[in-house]
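Student:
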Amino acid sequence: MDNFEFCNPTKIVFGRGTEAQVGKETAAYSKKVLLHFGGGSIKSSGLYDRVTASLKAAGVEWVELGGVKPNPRLSLVHEGVKLCKAHGLGLVLAVGGGSVIDSAKAIAMGAVIDHDVWDFYMGKGAPTSALPVATILTLPAAGSESSTGTVITKEEGWLKRAVNSELIYPRFSILNPELAMTLPPFQVACGAMDISAHLMERYFTNVKNVSFTDRLIEGTLKTIMRQAPRILANPQDYDAWSEFMWAGTIAHNNLLNTGRIGDWASHDIEHEISGIYDVAHGAGLAVVFPAWMKHVLHQDLNRFVQWAVRVWNVELDVFNPEAVALEGIARMEAFFTSLGVGTRMKDLGITDDRIDEMADKCTNGDTTTVGNFVKLDRAAVAKILRLAV
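This is how it looks when you write it as structure tokens:
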């Protein structure tokens, strides 16, 4: 196990009706905030009215900015930055899923600088301060409600890039499983894939003697495997949603990568797919991950066998470990398919005509590699994308 430091400062407020506490929690940080959200669903569901009533009761004023899309856009981030600066806003409150929260984090970084926040996403410096961010989660998937990460898409060139900084840990996040009960089945399925990917990015590591966190990751994966079908069968199942939502938060709050080094190549590769084709991030990961696994299988076949046996209940065959690992991958693909998510690019309506472009963008014209479990150059990324077709 590697040395590590772990501190997650995000306060989690979990349970039924907890959005009513947003005013009190927000007022501890600022009395003037940006209320950031996606489409009209928070208004049609009544959530907007409950949130604003709580803010008003606590004496918190707000300026609102809706319109966040999946794969959140830099242009809207720029609008949010201008609003924060023009109105002297002191906190960004995100009401929504990972896209809204990621956009809020970008706005929070951009509101305190005099240059374009996109510089950080291109690796030109790192943030040294940010406005506080807080969230009310409506879509369990990205784990952004208690993570250091934000991913934004720049429309010019369709570049999708990430920033990680401890400065953008949300100060508090409100998690009410009831708020997810109206999600369409496809979004539930994509959320399950996104959570699973966060777990598997951490699981496949070259660091030895990490059996404790192995077991934590395996248990969290099995929780998603159990609860996602229950939710699809009964979207009003509060207990299933509770397990699913909390698992999604734990999957990406950095607890499960303590003492280990994760991979993250699949995320980098998927960012090129969703950056160009604007597909759901979870749907893109369902396509990339099986192909990545097949490509890197022999880096540590024993780890893949362990994963197949413990997570997917494949019977161990010591005489044919490769078959065990491949059966684990096949069962994972079958699970994704059962949820309604395809595992090939053709399922997303994507052909192979822009693979070279995606491989170039992913590796900056073959000047960098992606991943840690196996470091992948441009040729390897292109091969994985072709395996995913």
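When you read off a place in the sequence shown, starting at 1, and then add 2, the result is the number in our numbering.
Using N, Cα and C, we set each Cβ at its ideal position, and we do this for glycine too.
Can you give me the start and stop residues for the beta strand (DSSP E) that Val119 sits inside?
Tutor: Val119 -> no beta strand (DSSP E), and no H or E assigned at all.
Student: In whole angstroms, what is the alpha-carbon distance linking Glu324 and Pro186?
Tutor: Using only the alpha carbons, I get a separation of about 37 Å.
Student: Taking the CB atoms as reference points, tell me whether Arg333 and Val316 lie closer together than 8 Å.
Tutor: Yes, the pair counts as a contact, with Cβ atoms nearer than the cut-off.
Student: Which whole-angstrom value describes the C-beta separation of Thr365 and Arg380, a residue pair presumed to lie in contact below a C-beta threshold of 8 Å?
Tutor: Contact holds; Cβ gap of about 4 Å.
Student: What whole-angstrom Cβ distance do Val119 and His38 have, given they're in contact under 8 Å?
Tutor: With 8 Å as the limit, Val119 and His38 do not qualify as a contact, their Cβ atoms being about 14 Å apart.
Student: Check whether the stretch 256 to 272 touches the stretch 196 to 210, taking contact to mean three or more Cβ pairs, one atom from each stretch, closer than 8 Å.
Tutor: Contact between the stretch 256 to 272 and the stretch 196 to 210 is present, because at least three Cβ pairs lie under 8 Å.
Student: Is it the case that the Cβ atoms of Val97 and Thr155 are separated by a distance below 8 Å?
Tutor: Their beta carbons are not under 8 Å apart, which means Val97 does not touch Thr155 by this criterion.
Student: Classify Lys126: buried if its beta carbon has 16 or more other beta carbons within 10 angstroms, exposed otherwise.
Tutor: It is exposed - the Cβ of Lys126 has fewer than 16 other Cβ atoms within 10 Å.
Student: So is Ala22 in contact with chain B if we call contact Cβ pairs under 8 Å?
Tutor: The structure shown contains no chain B; it holds only a single protein chain.
Student: Can you tell me where the alpha helix (DSSP H) with Arg305 in it begins and where it stops?
Tutor: Taken as a continuous stretch (DSSP letters only), the alpha helix (DSSP H) holding Arg305 covers Leu303 to Trp314.
Student: So who's on the other strand from Arg75, going by DSSP bridges?
Tutor: Its beta-bridge partners are Thr155.
Student: Ignore the nearest five residues each way along the sequence and tell me which others in Phe188's own chain have a CB closer than 7 Å to its CB.
Tutor: Taken in chain order, the residues that qualify are Gly342.
Student: Measure the C-alpha to C-alpha separation of Gly17 and His297 and round it to an integer number of angstroms.
Tutor: If I take the Cα positions, the gap works out to 41 Å.
Student: List the DSSP bridge partners of Lys13.
Tutor: Bridge partners of Lys13: Phe174.
Student: Since His300 is in the alpha helix (DSSP H), which residue starts that stretch and which ends it?
Tutor: First-last for His300: undefined, no H or E at that position.
Student: Ile138 by DSSP, collapsed to three states: which one?
Tutor: Strand.
Student: Which residue from Lys107, Arg173 and His89 puts its Cα closest to that of Ala164?
Tutor: Nearest of Lys107, Arg173 and His89 to Ala164, Cα basis: Lys107.
Student: Between the stretch 205 to 225 and the stretch 343 to 362, are three or more C-beta pairs nearer than 8 Å?
Tutor: Result no; under three Cβ-Cβ pairs closer than 8 Å.
Student: With Arg217 as the anchor, note down where its beta strand (DSSP E) starts and where it stops.
Tutor: Element bounds for Arg217: not the beta strand (DSSP E) but the alpha helix (DSSP H), Ser213 to Ala235.
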